């Protein structure tokens with residue numbers, strides 16, 4: 001395979017990063033399923049699936065003070081990369097101190113976006129999470145917290161890239177075998193438990209081409225199944241046509257493809 005490193009798009013590709021001032025993260029203890037990397041080792045395949053009731057946390061930061069650079073140590077046959085994320089949060093509010101207190105000693109993974117492109121850089125991973133090591137400036141020069149998330153160890157991989165869903169609220173649950181996915185509400189849906197197995201049907205609205213959709217199973221005596229077939233208003237395409245069973249905490253992520261008259265949900269990953 002021939003590799004080529006092209007010039008990035010734009011008139012000034014090396015200009016400073018325009019970080020989104022809202023960052024996101026998850027507690028490792030809340031993760032039910034974490035997507036694997038694709039064959040090129042950077043893009044994550046599928047959604048981050050969290051335990052029932054868990055959500056991503058979010059934080060405001062002074063985006064012009066953010067730094068997600070990484071450092072590398074190397075010797076023969078050994079590359080050691082140390083990811084980190086450092087930024088500032090202004091003020092000295094009680095709520096800010098409560099947030100910091102709640103995150104001290106917790107293993108987390110951060111999802112940091114840019115104003116220039118969709119998706120998120122993923123800093124940390126389940127086996128090498130970040131921990132918050134904060135400091136504060138509170139004097140005549142100003143008042144702000146420095147939020148320094150760092151790992152205790154090294155990795156041989158660069159930061160991953162995530163194009164999936166950020167879960168920020170309660171996940172809708174299906175009514176029996178009928179799955180309704182409203183993209184303006186949630187692209188993640190919990191499948192109801194079942195006493196008598198049946199094939200899931202899916203109705204979609206407010207989805208855009210290439211949106212990711214994730215179903216999470218709830219089990220039951222005889223869980224529902226998803227087949228490679230026309231399933232309501234969409235055509236489902238599964239890897240090798242292999243049926244998915246909505247066992248408790250099982251998950252499947254599919255990519256929505258708008259082909260005009262026909263809409264598809266194509267399997268991306270299972271968890």
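Residue numbers (this note's numbering): 1 to 271. All C-beta atoms, glycine included, are put in the ideal place defined by N, C-alpha and C. Remember, predicted model here, so these are calculated numbers, not experimental data.
Asked: Using the Cα positions of residue 304 and residue 90, report the straight-line distance between them to the nearest angstrom.; Found: What the structure shows of the chain is the stretch from 1 to 271, and residue 304 is not part of that stretch, so it cannot be assessed.
Asked: From the DSSP output, in three-state form, read off residue 97 for me.; Found: helix
Asked: Checking the sheet assignment: what are the DSSP bridge partners for residue 279?; Found: Residue 279 is absent from the structure shown; the chain starts at 1 and stops at 271.
Asked: Mapping DSSP to helix, strand and coil, what is residue 139?; Found: strand
Asked: Check residue 64 in the structure and name its three-state DSSP category.; Found: helix
Asked: Residues in its own chain within less than 7 angstroms of residue 234 by CB, not counting five upstream and five downstream?; Found: 202, 204, 263, 264 and 265
Asked: Look at the Cβ atom of residue 224, then the Cβ atom of residue 173, and state whether they are nearer than 7 angstroms.; Found: no
Asked: Quick check on DSSP: helix, strand or coil for residue 30?; Found: helix
Asked: Apart from the five residues just before and just after residue 33, which ones in its own chain have a Cβ nearer than 6 angstroms to its Cβ?; Found: 49, 251 and 271
Asked: Do you know offhand how far residue 95's Cα is from residue 200's?; Found: 44 angstroms
Asked: Assign residue 239 to one of three DSSP states: helix, strand, or coil.; Found: helix
Asked: Quick one: Cα of residue 58 to Cα of residue 42, how far?; Found: 23 angstroms
Asked: CA-CA distance, residue 257 and residue 81?; Found: 36 angstroms
Asked: Using 8 angstroms as the Cβ pair cut-off and three pairs as the minimum, do the region 208-222 and the region 180-188 touch?; Found: yes
Asked: On the CB-based measure, 16 or more other CB atoms within 10 Å of its CB, does residue 11 come out buried or exposed?; Found: exposed
Asked: Is residue 198 helix, strand or coil by DSSP?; Found: coil
Asked: Quick one: what's got a C-beta closer than 7 angstroms to residue 104's C-beta in the same chain, skipping five residues either side?; Found: 132
Asked: What is the DSSP secondary structure of residue 121, reduced to helix, strand or coil?; Found: strand
Asked: CB-CB under 8 angstroms to residue 129, same chain, minus the five flanking residues each way: which ones, in chain order?; Found: 28, 107, 108, 109 and 151
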